[in-house]
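The block underneath contains the structure these notes are about, expressed in structure tokens.
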Amino acid sequence: MPVKPHETYTPAVQLALAALAVLGSAAAWATTRPLGKPGHAVVSAALAVAILVFGLGALGVTVIIVALVTLLGIESATGAVHTLLNAAGAALLLMAAVAYRRRRRDGCPRCGHRHAGVDGAALVHPATSTASKQTQVAAYILMCGLLPWAGLKTIWTLGGDALGVTAEGWRKLNEDAGAAKALASVGLDVSVMAALLGVFLLTGLMYRWGMVFPRWTLFLSGRRVPRLLPLVPAWLTGGALSLYGVVLNVMVLLSVTGVTSPVEPRPPFHTSASLTWMVWFGGLAFGGLGFALIVAARSYAARTRYVCAGAEAAP
Numbered sequence: 001m002p003v004k005p006h007e008t009y010t011p012a013v014q015l016a017l018a019a020l021a022v023l024g025s026a027a028a029w030a031t032t033r034p035l036g037k038p039g040h041a042v043v044s045a046a047l048a049v050a051i052l053v054f055g056l057g058a059l060g061v062t063v064i065i066v067a068l069v070t071l072l073g074i075e076s077a078t079g080a081v082h083t084l085l086n087a088a089g090a091a092l093l094l095m096a097a098v099a100y101r102r103r104r105r106d107g108c109p110r111c112g113h114r115h116a117g118v119d120g121a122a123l124v125h126p127a128t129s130t131a132s133k134q135t136q137v138a139a140y141i142l143m144c145g146l147l148p149w150a151g152l153k154t155i156w157t158l159g160g161d162a163l164g165v166t167a168e169g170w171r172k173l174n175e176d177a178g179a180a181k182a183l184a185s186v187g188l189d190v191s192v193m194a195a196l197l198g199v200f201l202l203t204g205l206m207y208r209w210g211m212v213f214p215r216w217t218l219f220l221s222g223r224r225v226p227r228l229l230p231l232v233p234a235w236l237t238g239g240a241l242s243l244y245g246v247v248l249n250v251m252v253l254l255s256v257t258g259v260t261s262p263v264e265p266r267p268p269f270h271t272s273a274s275l276t277w278m279v280w281f282g283g284l285a286f287g288g289l290g291f292a293l294i295v296a297a298r299s300y301a302a303r304t305r306y307v308c309a310g311a312e313a314a315p
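Encoded structure:
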């Protein structure tokens, strides 16, 4: 199975992943059965390993989504499908793990609340609300990490020079990318546009229009937004970006403190210092947006948590 044009998983790895998928499915099924203490330990361990492995395999989903939205194209169709299947598998196993955890705490596996006598009842959604002021302030402060990175890219795309990089040198990077080149011709950087999609998702998680479709969505207007529609991309994108941002910041820290050798410059960057600055700005941007999405998603998950009808009156 090609992951990239010249990279493939070995047959042994593919068989191991298939076996893990079967093991994870069996563990998810076992969560609904009566288990003893050893059984609970085995099921918990199997779910944890499967979610971790398939979650790591899904980290590239952000790159795939950006490539599809911006019409850049993907390196490998089968690799993209594999990554998306990893994401779907990790999400389904995570849902099974959450329901399992709720059962073990004597809660309802559907809503998580403790109640009795309302099995199979309709789910009641809470009223629409905005995120708390603390959540909004934290998210916006983290989102400010985008400014240096996006600002520099916009300067280069508009024809300016900054950080020792010329607009011409930056433009050469997009010579072979059709959509990126087309956007750059009108002063838009493709990665900045992708970041704006993340900002759009972030704001939707914090305000009422992310819970009920607003008027500008036409025929969807007034309908309830499916809870997982913003949460799944927020968790996946937030997790991937925050991890990537932390890695970039650690790389810069190790480089500037002399623990590792300086970053080797490569076009369009002509000095190690200029590339180091850009890597740091990238770390602030990706880490900031990633952690902002996680903060907002946590608030959204709490504000949209439904309850089984009749549970409020249950003893």
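With full-length UniProt numbering as the guide, the letters of the sequence shown map in order to residues 1 to 315. Just so it is clear, CB atoms sit at the ideal spot from N, CA and C, and this is done for glycine as well. It should be emphasised that the depicted structure is a prediction, and the values quoted were computed from it without experimental measurement.
Linking residue 42 to residue 84 through their CA atoms gives a straight-line distance of about 27 Å. Secondary structure at residue 26: helix, using DSSP grouped into helix, strand and coil. Along the segment 133 to 176, the alpha helix (DSSP H) occurs as fully enclosed runs of 4 or more residues at 133 to 143, 146 to 157, 167 to 172, listed in sequence order. DSSP lists 123 as the bridge partner or partners of residue 308. Here residue 266 is not bridged, per DSSP, to any residue. Between residue 305 and residue 129 a beta carbon distance of about 12 Å is seen, past the 8 Å cut, so the two are scored as non-contacting. Residue 97 has its alpha-carbon roughly 19 Å from the corresponding atom of residue 19. Judged by their CB atoms, residue 213 and residue 227 are not nearer to each other than the 9 Å cut-off. Runs of the beta strand (DSSP E) spanning 3 or more residues and lying entirely within the segment 242 to 304 do not occur at all. A Cβ-Cβ contact shorter than 9 Å links residue 150 with residue 285. In this structure, the CA atom of residue 156 is about 37 Å from the CA atom of residue 215. Residue 260 has its alpha-carbon roughly 6 Å from the corresponding atom of residue 254. Counted as a single uninterrupted DSSP element, the alpha helix (DSSP H) harbouring residue 44 occupies residues 37 to 57.
By the beta-carbon neighbour count (other beta carbons within 10 angstroms, threshold 16), residue 237 is buried.
DSSP places residue 227 outside both helix and strand once states are collapsed to three, so it counts as coil. Considering only 147, 266, 301, 169, the residue with the shortest C-alpha distance to residue 131 is 301. DSSP places residue 203 within a helical segment (H, G or I) once states are collapsed to three.
Around residue 51, the same chain offers 90, 93, 94 as residues with beta carbons nearer than 6 Å, after the five sequence neighbours per side are excluded. DSSP places residue 128 in the coil class of the three-state scheme, outside both helix and strand. Close CB contacts of residue 170 within its chain, under the 6 Å cut and outside five residues either way in sequence, are with 156, 268 (chain order). In the three-state reduction of the DSSP assignment, residue 83 falls in the helix class, which pools H, G and I.
Nearest to residue 152 by C-alpha distance, out of 280, 122, 61, 289, is 280. Taking a contact as a CB-CB distance under 8 Å, the pair residue 139 and residue 295 counts as one, their CB atoms being some 5 Å apart.
With fewer than 16 neighbouring CB atoms inside 10 Å of its own CB, residue 222 falls in the exposed class. Between residue 290 and residue 239, the CB-CB gap stays under 9 Å. Here DSSP, grouped into helix, strand and coil, assigns residue 237 to helix.
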